[in-house]
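K.L.:
Number of protein chains: 2
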Amino acid sequence: MLNFTFYSPTRILFGRNQIQNLGQQIKPYGSKILLVYGKGSIKKNGIYTAVIDQLKENGIDFLELAGIDPNPRLTSVVQGADLCRKHALTFILAVGGGSVIDCAKGIAAAACYEGDPWDFWSYKTKIRQALPVGAVLTLSATGSEMNSNAVITNEATGQKHGVGADALYPKFSILDPTYTFTVPPYQTAAGVADILTHVYEFYFSLGTEAYLQDSMAEGIMKTCIKYAPIACAEPENYEARANLMWASSMALNGTIGAGKRFDGFCHNVEHAISALYDLTHGVGLAILAPHWMEYVLDEQTVHRFALFARNVWNVEGQDEMEAARLGIQKTRAFYRSLGLPGQLSEVGIGPERFDEIVNKSLFRETLGNFKQLNREDVSNILLRAQ
Amino acid sequence: MLNFTFYSPTRILFGRNQIQNLGQQIKPYGSKILLVYGKGSIKKNGIYTAVIDQLKENGIDFLELAGIDPNPRLTSVVQGADLCRKHALTFILAVGGGSVIDCAKGIAAAACYEGDPWDFWSYKTKIRQALPVGAVLTLSATGSEMNSNAVITNEATGQKHGVGADALYPKFSILDPTYTFTVPPYQTAAGVADILTHVYEFYFSLGTEAYLQDSMAEGIMKTCIKYAPIACAEPENYEARANLMWASSMALNGTIGAGKRFDGFCHNVEHAISALYDLTHGVGLAILAPHWMEYVLDEQTVHRFALFARNVWNVEGQDEMEAARLGIQKTRAFYRSLGLPGQLSEVGIGPERFDEIVNKSLFRETLGNFKQLNREDVSNILLRAQ
């Protein structure tokens, strides 16, 4: 187990009707806030009304920034920060999924910074200060509701980068599983692929095994496998939605990553792809992960894949290599069963820009820790995923 | 899954040499502190020197309160609070196991309260304010390093009660697994029994199943089972000590209890026993838990016990009742293999004060949630454990 710091100060209010506590959670941070949300689905399913009622009941004034894109743009960050400064807003409330929450975090940091906010995502400067942020979650996927990360796309340069800073932890997040009842099966499945890939990034490691964290990671993966099909088939199954929602937070709040290394292959390559093609993050991950697994399976990595097969997919018997292969096959079949694509061509992505994707994925000579991959490897995996 | 609030703001610094960060962690809270520790084992193993060096290097003045008992006393709480007030101390550093940390939390609350501190533990008033506390952990057991609970014994009344309050979360805890290298096998085993029983209290429940939390709970239990024998046989096995240390925090920091109910039988009865007999908490739990399991096993509870047997103890085949019985047998054998007692008589406790223990265990008509137990049931379990 590597040395680590664990810090997870976000207060989670989980369950039905937790929205009733929204006003009281915001009040310590002021009474003039920015309300950030997406393309308006929250107006159809009643969440918008519930939020507004709470704000009004508690005498909280708000300005709105709506229309945040699934891969949130730097321009939205700049726009929100301008609103905060101009109107002296002191708190940002994100109502939505990871994109909306990430955008709110970006705005929170940009509002406290005089320079170009892209300085943060181009790693020129660190985020030291941000307005306080709170979240009402409507999609189980990214874990942004309980961590300090924010991924922003610079549409001018075609880059999608993530940063993390203590100042970005949401002060609170409201997780009401019924708020995900209206998420369609395809988006539900994409969210599950996102959760699972967060787990893979830590679980698949060499030389940094941590039995406790890995066992808990297996619990999260089994939870996704058990409840994803149920949530897709019965969108209003509370227990399924609740387990997936809490799994999304637990997968990336530090619990299973403590003392381990983040591999990074899937996330870096998917960010490079979705910055260019505006693909749903979880869909990109569902395509990439099994191809990556097959590519990196070898004598060094087989033991970890065999554990994955046996402990997560209940593969019994077989030698390690055969069990490992079966585990990967089951992973692929699981995504297929949820209606997710297995190849980039299925989402209209050809090999034309693969070189660009490789360039944007690799910050250094190699990518990944479980198995260090060079440019040629990354290119090979893309060709297999094509 | 029940509605829940999850809040876990303690910053954990985990791993070798994390003591180097001690001064910097304390400084935001002032430079005149109270240093609380136990019977002096930290002076033998070098931890005391490492702490003092950090305090001196960082210009932090300190007063000492040493000699905290394994079941920390109200008199120590009063004594510490007096020191804090008299010398205007602004921070309390606990160096030790759960007893020392609990005592430091008690002092922190008492220092901010004009009345009799026992008011908190007799549930007359709530803790709303406390001095900030930090911890350097030297024993993997109670989880106090990462939660808001403090258990204090009133030696005058023979009561041992626990309270919780947001103000009691340690600001930081330093978890260096090498600091537990000198813990003898018997104390190591008792700590493991404490960790496991925290898990049982949540895991064994009816009507509040939560697949994700229960799967992660199984991960913690498997970790204890894997590493306890190793830590007892090879006291300086870093990986074993690290897994047990992090397991102690994870078992009672809210992660596996979120959305579940705390059963409470084992902890309430053990508190009643150790308030009278000054028994090591984990030893009392190791004795009680298997007897409790056997007593509450019936048609209603058998499914959960069978899951425990299959997922934690790898019991294969068998019908549910037979698997459940095997799981309980394995639990008992595991404690025995670690050198822990199985009956109260082995630690010199006879039936003389069983009535008193029953009285102190039951706040209401029944005790426990998994199976509600009345006075007669509690008495029967004590007789079996005798």
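Just so you know, the protein sequences line up as chains A and B, in that order. Using the numbering used here, the first residue of the first sequence is number 142, and each one after it goes up by one. Using the numbering used here, the first residue of the second sequence is number 142, and each one after it goes up by one. Even glycine gets a Cβ: it sits at the ideal position worked out from N, Cα and C.
Note down, one range per segment and in chain order, each beta strand (DSSP E) of at least 3 residues found wholly within the segment 271-345 of chain A.
P.N.:
Runs of the beta strand (DSSP E) inside the segment 271-345 of chain A: 274-278, 290-295, 300-305, 313-316.
K.L.:
Is it buried or exposed for B:Gln441, if we count other Cβ within 10 angstroms and need 16 for buried?
P.N.:
Exposed.
K.L.:
What residues from chain A crowd round B:Glu380, counting only those whose CB sits closer than 7 Å?
P.N.:
Neighbours of B:Glu380 on chain A, chain order: Met142.
K.L.:
Restricting to Cα atoms, I'd like to know which of A:Tyr436, A:Lys501, A:Val456, A:Tyr418 is closest to A:Leu485.
P.N.:
Nearest of A:Tyr436, A:Lys501, A:Val456, A:Tyr418 to A:Leu485, Cα basis: A:Tyr418.
K.L.:
Check this for me: beta carbons of A:Leu176 and A:Val236, under 8 Å apart or not?
P.N.:
Contact flag set, yes.
K.L.:
What runs of the alpha helix (DSSP H), each 4 residues or longer, lie entirely inside the segment 425-470 of chain A?
P.N.:
Segments of the alpha helix (DSSP H) lying fully in the segment 425-470 of chain A: 443-454.
K.L.:
Tell me which residue opens and which closes the beta strand (DSSP E) that B:Gly152 is part of.
P.N.:
Here the sequence assigns Arg to residue 152 of chain B, which means Gly is not the residue at that position. Where B:Arg152 is concerned, the enclosing beta strand (DSSP E) stretches over 145-155.
K.L.:
Mind checking which residues open and close the beta strand (DSSP E) that includes B:Ile522?
P.N.:
Unbroken run through B:Ile522 is the alpha helix (DSSP H), 516-526; no beta strand (DSSP E).
K.L.:
How close, in whole Å, do the beta carbons of B:Gly179 and B:Ala330 come, if the pair is a contact with beta carbons under 8 Å?
P.N.:
Between B:Ala330 and B:Gly179 the Cβ distance is about 19 Å, and since that is not below 8 Å, they are no contact.
K.L.:
Helix or strand or just coil, what does DSSP make of B:Phe403?
P.N.:
If DSSP states are grouped into helix, strand and coil, B:Phe403 belongs with coil.
K.L.:
With a Cβ-Cβ cutoff of 8 Å, do A:Ala245 and A:Phe261 count as a contact?
P.N.:
Cβ atoms of A:Ala245 and A:Phe261: not closer than 8 Å.
K.L.:
Is any beta-carbon of chain B found at less than 8 Å from that of A:Ala388?
P.N.:
It does: the Cβ of A:Ala388 has a partner Cβ on chain B nearer than 8 Å.
K.L.:
A:Gly238 and A:Thr283 look like a contact to me (Cβ under 8 Å); what is the Cβ gap, rounded to whole Å?
P.N.:
Indeed, because the Cβ distance is near 7 Å, the residues count as touching under 8 Å.
K.L.:
Would B:Pro89 and B:Lys312 be called neighbours here (beta carbons separated by less than 8 Å)?
P.N.:
Because residue 89 of chain B is not part of the residues shown, which for chain B are 142 to 527, the question remains open.
K.L.:
According to the neighbour-count rule (16 or more other Cβ atoms, all chains shown, within 10 Å of its Cβ), is B:His228 buried or exposed?
P.N.:
So B:His228 counts as exposed.
K.L.:
Hey, B:Phe343 and B:Lys401: beta-carbon distance below 8 Å or not?
P.N.:
In this structure, B:Lys401 lies closer than 8 Å to B:Phe343 by Cβ.
K.L.:
CB-CB under 7 Å to A:Gly423, same chain, minus the five flanking residues each way: which ones, in chain order?
P.N.:
Counting only Cβ-Cβ distances below 7 Å, and skipping sequence neighbours, we find Ala282, Ala331, Gly332, Ala334, Asp335.
K.L.:
Kindly say whether B:Leu154, judged by its beta-carbon, lies nearer than 8 Å to any beta-carbon of chain A.
P.N.:
Output row for B:Leu154: interface = yes.
K.L.:
Can you check whether the CB of B:Cys365 is closer than 8 Å to the CB of B:Ala388?
P.N.:
Against a cut-off of 8 Å, the Cβ pair of B:Cys365 and B:Ala388 comes out as a contact.
K.L.:
A:Arg214: which of A:Glu359, A:Arg525, A:Lys512, A:Ala297 sits nearest, CA to CA?
P.N.:
Checked all of A:Glu359, A:Arg525, A:Lys512, A:Ala297; the closest Cα to A:Arg214 is A:Ala297.
K.L.:
For a contact defined as C-beta to C-beta under 9 Å, what are the partners of B:Tyr352 on chain A?
P.N.:
Ordered by position in chain A, the residues that pass the 9 Å Cβ test against B:Tyr352 are Gly360, Lys363, Thr364, Lys367, Tyr368, Glu380, Asn384.
K.L.:
When Cβ atoms are compared, which residues of the segment 393-419 of chain B fall closer than 8 Å to chain A?
P.N.:
From the segment 393-419 of chain B, only Thr396, Ala399, Gly400 have a Cβ closer than 8 Å to chain A.
K.L.:
How should A:Leu524 be labelled, buried or exposed, when 16 other C-beta atoms within 10 angstroms of its C-beta is the threshold for buried?
P.N.:
Under this definition A:Leu524 is an exposed residue.
K.L.:
Going by DSSP, name the residue or residues bridged to B:Val177.
P.N.:
B:Val177 is bridged to B:Leu206, B:Ala235.
K.L.:
Considering just the uninterrupted stretch of the alpha helix (DSSP H) at B:Asp419, what are its terminal residues?
P.N.:
Here B:Asp419 belongs to no alpha helix (DSSP H), and DSSP marks it neither H nor E.
K.L.:
Is B:Asn510 buried or exposed, if buried means 16 or more other CB atoms sit within 10 Å of its CB?
P.N.:
Under this definition B:Asn510 is a buried residue.
K.L.:
Please compile the residues from chain B whose C-beta is within a distance smaller than 7 Å of the C-beta of A:Arg157.
P.N.:
Correct list: Asn144.
K.L.:
Sorted by chain position, which residues of the same chain lie with C-beta nearer than 6 Å to A:Tyr189's C-beta, five sequence neighbours on each side aside?
P.N.:
Within the same chain, A:Tyr189 has close Cβ partners Ile183.
K.L.:
Got a sec: is the Cβ-Cβ distance from B:Ser486 to anything in chain A below 8 Å?
P.N.:
Closer than 8 Å: no.
K.L.:
For the alpha helix (DSSP H) that contains A:Ser486, what are its first and last residues?
P.N.:
Unbroken run through A:Ser486: none, as it is neither H nor E.
K.L.:
Under the assumption that A:Pro318 contacts A:Arg382 (Cβ atoms under 8 Å), give the Cβ distance between them as a whole number of angstroms.
P.N.:
Going by Cβ atoms, the distance from A:Pro318 to A:Arg382 rounds to 4 Å, so yes, they are a contact pair.
K.L.:
Does A:Leu508 come out as helix, strand or coil in the three-state DSSP assignment?
P.N.:
Strand, per DSSP.
K.L.:
Please state if the CB of B:Ile174 and the CB of B:Ile201 are separated by a distance shorter than 8 Å.
P.N.:
It is a contact, given that the beta carbons lie within the stated cut-off.
K.L.:
Give, in chain order, every residue of the segment 449-463 of chain B whose Cβ lies closer than 8 Å to some Cβ of chain A.
P.N.:
Those residues of the segment 449-463 of chain B that come within reach of chain A (Cβ to Cβ, closer than 8 Å) do not exist; the list is empty.
K.L.:
At least one CB of chain A closer than 8 Å to the CB of B:Tyr148: is that the case?
P.N.:
Yes - at least one Cβ of chain A is within 8 Å of the one on B:Tyr148.
K.L.:
Among A:Glu493, A:Gln166, A:Val519, A:Gly171, which one has its Cα closest to the Cα of A:Phe504?
P.N.:
Here the closest residue by C-alpha is A:Val519.
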